[in-house]
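Take a look at the structure below.
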Amino acid sequence: MRLRKLTLREIHLRLLSPFQTSFGTSDLRRILLVEADVDGVAGWGESTAGENPFYSYETVETAWLILRDYLWPMLRGREIVSASQVWDLLAPVRGHNMAKAAIEIAFWDAEAKRQNVPLAKLLGGTRTEIPCGVSIGIQPTRAGLIAKVEEALAAGYQRIKIKIKPGLDVEPVRTLRERFPGIRLMVDANSAYRLEDAPLLKKLDAYYLIMIEQPLGWDDIFSHAQLQRQLETPICLDECIHDVEHARAAIETGACRIINIKLGRVGGHTAARRIHDLCQARSVPVWCGGMLESGIGRAHNIAMSSLANFSLPGDVAASRRYWAEDVIEPEVEVSKQGTIRIPSAPGIGYTPRLDRIESLTKRREVLE
Ligand code: OSB
Ligand code: MG
5 MRLRKLTLRE IHLRLLSPFQ TSFGTSDLRR ILLVEADVDG VAGWGESTAG ENPFYSYETV
65 ETAWLILRDY LWPMLRGREI VSASQVWDLL APVRGHNMAK AAIEIAFWDA EAKRQNVPLA
125 KLLGGTRTEI PCGVSIGIQP TRAGLIAKVE EALAAGYQRI KIKIKPGLDV EPVRTLRERF
185 PGIRLMVDAN SAYRLEDAPL LKKLDAYYLI MIEQPLGWDD IFSHAQLQRQ LETPICLDEC
245 IHDVEHARAA IETGACRIIN IKLGRVGGHT AARRIHDLCQ ARSVPVWCGG MLESGIGRAH
305 NIAMSSLANF SLPGDVAASR RYWAEDVIEP EVEVSKQGTI RIPSAPGIGY TPRLDRIESL
365 TKRREVLE
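Here is the structure:
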């Protein structure tokens with residue numbers, strides 16, 4: 005198969021409510037969508053690069069530039085037997101995984117459509133439905149936090165994750181544990197702490213969290229290994245894991261006991277699957293992280309989550325938690341049991357709504 009044309013679009017989508025983390029607040033999402041024309045079949049991808057370089061160094065602007073000036077010329081017109089080759093073809097570009105993922109996952113969608121199979125099946129997924137959790141942003145009040153958790157539990161979600169930051173950590177966790185003693189609860193610090201904060205983080209051990217996600221530096225596996233030795237609560241790494249060798253280093257050094265896999269952060273389905281397979285072989289469970297994606301990125305997350313070792317609930321929630329209206333049809337729905345069914349239609353299994361995508365497009369570039 006050959007890449008004939010590549011359309012980059014930046015759409016703007018407003019979140020139903022602003023999402024606050026330790027590194028900032030997201031409200032109006034700028035989302036880079038990729039439409040790859042592979043011998044006449046349209047494959048869709050989404051870059052999870054943010055508006056700002058605060059979660060990772062990539063942004064919509066850097067991803068656009070790398071896609072247009074480097075990745076497109078590398079792949080244009082090239083004979084490609086399988087989407088599983090694309091990641092290695094892009095190796096000359098160092099880093100920029102979110103830019104790479106956008107085009108790599110579009111190839112996977114196109115290949116699945118050409119073979120008339122669901123993407124989950126092409127990836128080797130075995131699950132027919134996936135367990136879902138929610139990620140709740142930092143809330144200004146206790147009452148607001150409790151209301152958000154109640155709403156998510158009523159909708160059926162299987163685990164609750166709350167964002168924490170210095171000053172809003174032990175207290176909100178204690179509040180939730182008193183109110184909801186039996187729920188599966190975890191926290192995500194997005195690198196807001198330092199190793200010297202170990203005594204404070206140790207206080208969280210009292211609340212039997214299923215994990216604490218990325219407490220320390222975004223690129224600092226070593227300090228996490230030192231911290232994990234002092235904590236009973238398992239550490240889960242997100243920001244630190246950019247490829248399979250980081251995953252290996254984190255597991256070997258004891259820096260974490262769980263890994264969050266995000267397609268954008270690791271560079272697409274092939275890289276994600278390698279990390280998944282390594283973790284499976286080492287008995288380290290994984291789950292699918294979220295980046296406030298539109299339906300296109302969400303559909304890819306669902307397909308990836310069908311792999312066997314995605315055994316913990318992911319941050320893969322229903323479209324309606326994020327958007328008044330999504331860009332795919334049907335929208336992503338979560339059952340009362342807190343699961344999403346893997347779609348059976350070919351490719352990502354949800355149809356991009358072209359009219360809606362066009363009307364949300366603020367910038368477009370067609371490469372051919
Ligand atoms: O760290 O998991 C994170 C959103 C933006 C950037 C980083 C993260 C998140 C989330 C949201 O937690 C997950 C979701 O998409 O619901
Ligand atoms: Mg995280």
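To convert, count from 1 in the sequence shown and add 4; that's this note's numbering. Glycine is no exception: its CB is placed at the ideal position from the N, C-alpha and C atoms. All values derive from a computational prediction rather than experimental measurement.
Proximity test, residue i beta-carbon vs ligand 2 heavy atom, cut-off 7 angstroms
| i | result |
| --- | --- |
| Gly-293 | yes |
| Glu-369 | no |
| Gln-218 | yes |
| Asn-264 | yes |
| Asn-194 | yes |
| Asp-242 | yes |
Chain-order list of residues whose beta-carbon lies under 6 angstroms from that of residue i (same chain, five-residue window excluded)
| i | result |
| --- | --- |
| Tyr-61 | none |
| Glu-335 | Ser-323 |
| Arg-131 | Ser-310 |
| Glu-55 | Arg-34 |
| Val-174 | Lys-207 |
| Met-5 | Val-42, Asp-43 and Ile-84 |
| His-100 | Ile-70 |
Local Cβ density within 10 Å of residue i, reported as buried at 16 or more and exposed below that
| i | result |
| --- | --- |
| Leu-71 | buried |
| Arg-233 | exposed |
| Ala-210 | exposed |
| Gln-119 | exposed |
| Gly-271 | buried |
| Arg-368 | exposed |
| Thr-29 | exposed |
| Ser-287 | exposed |
| Lys-366 | exposed |
| Pro-356 | buried |
| Thr-237 | buried |
| Glu-108 | buried |
| Arg-146 | exposed |
| Asp-92 | exposed |
| Asp-242 | buried |
| Val-41 | Residue 41 is actually Asp in this sequence, not Val. It counts as buried. |
| Asp-31 | exposed |
| Arg-277 | buried |
| Ala-95 | exposed |
| Arg-98 | exposed |
| Ala-285 | exposed |
| Gly-129 | buried |
Neighbourhood of residue i by C-beta, 7 angstroms cutoff - its chain only, sequence neighbours within 5 removed
| i | result |
| --- | --- |
| Trp-291 | Asn-264, Phe-314, Leu-316, Pro-317 and Gly-318 |
| Cys-136 | Tyr-161, Gln-162, Pro-317, Gly-318, Val-320, Ala-321, Val-338, Gly-342, Thr-343 and Ile-344 |
| Lys-340 | Gly-160 |
| Pro-347 | Pro-122, Gly-353 and Tyr-354 |
| Ile-332 | Gly-299, Ile-300, Ala-303, Tyr-354, Thr-355, Pro-356 and Arg-357 |
| Leu-282 | Val-248, Ala-251 and Arg-252 |
| Gln-143 | Leu-149 and Lys-152 |
8 angstroms contact criterion, which residue i and residue j should meet: CB distance rounded
| i | j | result |
| --- | --- | --- |
| Ile-262 | Met-215 | 5 angstroms |
| Lys-152 | Ile-140 | 5 angstroms |
| Val-138 | Ala-158 | The Cβ separation is near 11 angstroms, so there is no contact. |
| Met-102 | Ala-46 | Actually they are not in contact, since the Cβ atoms of Met-102 and Ala-46 sit about 21 angstroms apart, beyond 8 angstroms. |
| Leu-7 | Val-38 | Wrong, their Cβ atoms sit about 11 angstroms apart, outside the cutoff. |
| Leu-267 | Met-308 | 6 angstroms |
| Leu-12 | Trp-48 | That pair is no contact at about 12 angstroms. |
| Phe-58 | Phe-27 | 4 angstroms |
| Thr-25 | Lys-167 | 5 angstroms |
| Ala-303 | Leu-20 | No, Ala-303 and Leu-20 are not in contact; Cβ-Cβ is about 19 angstroms, not under 8 angstroms. |
| Ala-312 | Ile-279 | Contact doesn't hold; Cβ gap of about 14 angstroms is too wide. |
| Glu-50 | Ser-298 | 6 angstroms |
| Pro-170 | Tyr-212 | With 8 angstroms as the limit, Pro-170 and Tyr-212 do not qualify as a contact, their Cβ atoms being about 22 angstroms apart. |
| Thr-223 | Cys-240 | The amino acid occupying residue 223 in the given sequence is Asp; Thr does not appear at that position. Incorrect: roughly 16 angstroms between the Cβ atoms, too far for contact. |
| Gln-230 | Leu-199 | 6 angstroms |
Residue i Cβ short of 7 angstroms to ligand 1 heavy atom set
| i | result |
| --- | --- |
| Thr-63 | no |
| Ala-321 | yes |
| Glu-452 | The structure shown does not extend to residue 452, since the chain spans only 5 to 372, so no value can be given for it. |
| Glu-55 | no |
| Tyr-212 | no |
| Leu-364 | no |
| Leu-296 | yes |
| Ser-139 | yes |
| Thr-257 | no |
| Thr-25 | yes |
| Tyr-59 | yes |
Beta-carbon proximity list for residue i, same chain, < 8 angstroms, skipping 5 on both sides
| i | result |
| --- | --- |
| Met-78 | Leu-93, Leu-94, Pro-96 and Val-97 |
Is there contact here, the stretch 7-16 with the stretch 254-264, by at least three beta-carbon pairs under 8 angstroms? Note that the stretch 7-16 does not touch the stretch 254-264; fewer than 3 beta-carbon pairs, one per stretch, sit closer than 8 angstroms.
Contact between the stretch 110-122 and the stretch 82-99 is defined here as three or more beta-carbon pairs at a separation below 8 angstroms; is this criterion met? Yes, they touch.
Closer than 8 angstroms is the cut-off here; do at least three beta carbon pairs connect the stretch 179-196 with the stretch 346-362? Pairwise C-beta distances place the stretch 179-196 out of contact with the stretch 346-362, as fewer than three of them are shorter than 8 angstroms.
Are at least three pairs of beta-carbons, each pair with one atom in the stretch 218-237 and one in the stretch 187-206, less than 8 angstroms apart? A contact between stretches requires three or more CB pairs, one per stretch, nearer than 8 angstroms, and the stretch 218-237 meets this requirement with the stretch 187-206.
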